[in-house]
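In this text, residue positions in the sequence shown follow the working numbering: the first is 168, and each later residue adds one. Yeah, the Cβ is synthetic: ideal placement off N, Cα and C, and Gly gets one too. Contents: one structure, followed by commentary.
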Amino acid sequence: MLPLNRFIPAVVLVLFIFAAPIVRAADAPPSTQPSSSIRGTVIAEGDVPLAEMVVFLESPDTARAMPPPPAPIKVSQKDAQFSPKMVVVSVGQSVEFLNDEARPIEHNVFSNSPAKRFDLGLYGPGQSKSVVFDKPGPVALFCSIHRYMDGVVFVSPTPYTSRVNPDGHYQIDDVPPGNWIVKTWQRRKRFLEMSVPVTVEAEKIATVVLELKKK
168 MLPLNRFIPA
178 VVLVLFIFAA
188 PIVRAADAPP
198 STQPSSSIRG
208 TVIAEGDVPL
218 AEMVVFLESP
228 DTARAMPPPP
238 APIKVSQKDA
248 QFSPKMVVVS
258 VGQSVEFLND
268 EARPIEHNVF
278 SNSPAKRFDL
288 GLYGPGQSKS
298 VVFDKPGPVA
308 LFCSIHRYMD
318 GVVFVSPTPY
328 TSRVNPDGHY
338 QIDDVPPGNW
348 IVKTWQRRKR
358 FLEMSVPVTV
368 EAEKIATVVL
378 ELKKK
């Protein structure tokens, strides 16, 4: 006989924060979901490149210990373009910039952004240089040889981040239980950034729907 509780719907608690964000928690399905996570949707008016948005977590407790930064990631310079043009890292993570040109073309990477100022100098095909990003915030990338080359590294204060997909959905997995602040960042500043407090419970999913308001 099938257990009776298979036919009892999960209880969902809905919490409204002001008029825009919606936060709710639900029992996490067994085995198919991480023990604690945050998921939701970003809603914006008009034709907006949602894939250029990032949702990330910030801790209200500045003394909270964070896990070690993830492994380095690679950004290629090929056909005089950064690829990918936008990457997301966490504080302490490094990025390897590889000159991946098939032709004898030198490249350079530099930035004057407050979160990271650096200049890697010139280097040829097959060579790479790395940078550790040790402060949160956006870092604009440029090449001193090819003025039309540009990219960006967004440095999150925590490793708990998600790129928003084209449909507006995001999901941050393996979030430690406790109080967090859900924040947004956009490459193109068309909307006010959002900052929503949320409490993540063990073995539960917190859902935050973010309705962006135009500036």
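- With contacts defined by Cβ atoms closer than 8 Å, M316 and A247 form a contacting pair.
- The three-state reading of DSSP puts L265 in strand, counting E and B together.
- Contact between V222 and V365 does not hold, since the beta-carbon distance rounds to 11 Å and is not under 8 Å.
- For T366, the uninterrupted beta strand (DSSP E) segment begins and ends at S362 to V367.
- DSSP, reduced to helix, strand and coil, places A307 within a strand of the structure shown.
- Uninterrupted beta strand (DSSP E) stretches at least 3 residues long and entirely within the stretch 282 to 356 occur at 283 to 286, 295 to 300, 304 to 309, 317 to 323, 328 to 330, 336 to 340 and 345 to 353, given in chain order.
- Taking the Cα positions, I372 is about 29 Å away from K302.
- Between the alpha carbons of Y337 and L224 lies a distance of about 12 Å.
- Of the candidates E368, S295 and T328, the residue whose Cα lies closest to the Cα of N266 is S295.
- Across the structure, P333 and V215 are spaced so that their CA atoms are roughly 9 Å apart.
- Straight-line measurement puts the Cα of E263 at about 6 Å from the Cα of I240.
- Taking C-beta atoms as the reference points, F321 and V258 fail to come closer than 8 Å.
- With a contact defined as Cβ atoms closer than 8 Å, A282 and P305 qualify at about 7 Å.
- Using a 10 angstroms sphere on the CB of N279, the tally of other CB atoms stays under 16, which defines it as exposed.
- With respect to the 8 Å criterion, N275 and S311 are classified as neighbours on the basis of their beta carbons.
- With distances taken between CA atoms, I339 lies nearest to Y327 out of G345, N346, V331 and Y327.
- By the neighbour-count definition (other C-beta atoms within 10 Å, threshold 16), T229 is an exposed residue.
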